[in-house]
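Take the sequence shown: its letters are residues 230 to 295, numbered as in this note's numbering. Heads up: the structure comes next, in structure tokens.
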Amino acid sequence: MHGATSNGYTTFVNAAICDHKLRIDHGPIIFDIPVPYGHSKTESEQSISDTTSSVPSEEDSDSGST
Numbered sequence: 230m231h232g233a234t235s236n237g238y239t240t241f242v243n244a245a246i247c248d249h250k251l252r253i254d255h256g257p258i259i260f261d262i263p264v265p266y267g268h269s270k271t272e273s274e275q276s277i278s279d280t281t282s283s284v285p286s287e288e289d290s291d292s293g294s295t
């Protein structure tokens, strides 16, 4: 089952793009979350950028250590 449903309070989304045989079968589900009053989209994007830039990449890890 692909899509979204709600219980009136929470929206549940199955956003998988592959079917049970791992073939791409569904398009992406895109939804927009309103930015709270007094905040901006740019501020939110910067906050996300700050947190993701602190996550080490595979290149940063020392794969040769035991």
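C-beta: ideal position from N, C-alpha, C; glycine also.
The beta strand (DSSP E) enclosing N236, as first and last residue numbers = Segment: none, N236 is in no beta strand (DSSP E) and carries neither H nor E.
Would you check if the distance between the CB atom of A233 and the CB atom of T240 is smaller than 8 Å?
-> yes
Do A244 and I258 come within 8 Å of each other at the CB atom, strictly closer than that value?
-> yes
Near the ligand NAD: H249 beta-carbon under 7 Å from a heavy atom | The ligand NAD is not part of the structure shown, which contains no ligands of any sort.
Through-space distance from S235 to S278, alpha-carbon basis | 30 Å
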